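The block underneath contains the structure these notes are about, expressed in structure tokens.
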Amino acid sequence: MQKRAVKWVFSEDFCSYTKSEYHLKLKNLDVLPMKYKFDYNDLVLFYKMFNHPSPFSSIPEYLRKKHLPDPKLTRYTRSMSSSDELQLECSIKPRIDVFKNSYFYRTHLLWNEVPLNIRSENCLTTFKTKLKEYLWMKADSEFD
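For any residue, its number in my numbering is found by taking its place in the sequence shown, counting from 1, and adding 33.
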């Protein structure tokens, strides 16, 4: 569907694109590939719930911030330097695909992959901009 829309925008209804040509066309239009557009929308909604919870939209209790070891009691290691306070973990072990594919479980995994400097952004507009750049970087890496 997205490829057909790109062809319509460029008036190239009867052309066929290679994957790299299609990617370049999307880049020129500044339209994320569908997979990344879905991730983008999920992460923006998750960001809003994470940073501005309300009774109607909040992160479920089974998702919590990852427990960081007490630095006074633990020897410093490289793995500690890579940990951050915005990582989330799920207290429920997923046993069925329905739960693995549910919004909150799936999106908390995506959230943990996003670099800390993006997740810790205070401004929604800046978060969206940086997130889009990050997702374009991931999409570009598939075509290199």
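Note that CB positions come from ideal geometry on N, CA and C, so glycine has one too.
Given the structure is predicted, the values throughout are model-derived calculations rather than measurements.
Across the set Pro88, Leu164 and Ser174, the C-alpha of Leu164 shows the shortest separation from the C-alpha of Asp72. Annotated as distal: Trp144 and Leu168, with beta-carbon spacing of 9 angstroms or more. Per DSSP, reduced to three states, the secondary structure at Leu65 is coil, with no helix or strand assignment. Phe160 and Tyr55 do not touch by the CB rule: their CB atoms are close to 28 angstroms apart, not below 8 angstroms. A residue is called buried once 16 or more other Cβ atoms fall within 10 Å of its Cβ, and Pro86, having fewer, is exposed.
Around Phe132, the same chain offers Tyr138 as residues with beta carbons nearer than 7 angstroms, after the five sequence neighbours per side are excluded. Straight through space, the alpha carbons of Asp46 and Glu146 are spaced by roughly 37 angstroms. In this structure Pro127 is exposed. Its beta-carbon is surrounded by fewer than 16 other beta-carbon atoms within 10 angstroms. Counting the other Cβ atoms within 10 Å of the Cβ of Leu76 gives 16 or more, which makes it buried. Counting every other CB atom within 10 Å of its CB across the protein chains shown gives Arg152 a total of 16 or more, marking it as buried.
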